[in-house]
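Notes follow the structure.
Residue numbers (full-length UniProt numbering): 1 to 137.
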């Protein structure tokens with residue numbers, strides 16, 4: 001998959017990039033603030049995105065998420081406080097709470113790969129919180 005990372009913590013973004021590339025995915029961009037993220041959504045045409053809620057320009061990750069959802073790009077929130085996710089999940093598949101373990105991230109990624117590919121019924125890993133009503137339902 002072509003994946004966009006929207007994360008203002010540089011070390012975490014680099015770690016995520018490394019994990020995604022090791023899993024065979026292409027990282028099409030990393031954004032630390034909403035304007036860059038929205039530009040990458042438009043220009044890089046990602047297949048999936050990981051979006052932090054709190055970015056350099058404030059809690060604007062939700063706006064980025066809504067832009068992704070409007071374009072039909074599935075995404076997952078990555079946040080230190082999942083309670084900040086709107087009740088409608090802003091179109092996200094779900095969220096993963098920071099700090100997460102490498103194993104937790106890998107398990108969530110494996111689930112998301114199959115979900116984006118259209119497979120259903122796989123057990124949801126404990127590291128991933130799903131929206132009550134998933135965007136494609």
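C-beta atoms are modelled at their ideal positions from N, C-alpha and C, and glycine is treated no differently. Since the structure is predicted, the reported quantities are computational estimates derived from the model, not experimental observations.
With distances taken Cα to Cα, identify the nearest neighbour of residue 67 among 42, 20 and 122.
Within the chain shown, numbered from 1, the residue matching residue 67 stands at position 67. Closest option to residue 67, Cα to Cα, is 42.
When 51, 131 and 125 are compared against residue 65, the one with the closest alpha-carbon
One-based indexing of the chain shown puts residue 65 at position 65. Nearest C-alpha to residue 65: 51.
Near residue 116, what residues of its chain come up, given a Cβ to Cβ distance below 8 Å and the 5 sequence neighbours on each side ignored?
As a working note, residue 116 is residue 116 in the chain shown. Correct list, in chain order: 1, 47, 48 and 74.
In the DSSP assignment, find the beta strand (DSSP E) that holds residue 126 and state where it starts and stops.
Position 126 of the chain shown, counted from the first residue, corresponds to residue 126. Segment: none, residue 126 is in no beta strand (DSSP E) and carries neither H nor E.
Can you name the residues that DSSP bridges to residue 48?
One-based indexing of the chain shown puts residue 48 at position 48. Answer is 3.
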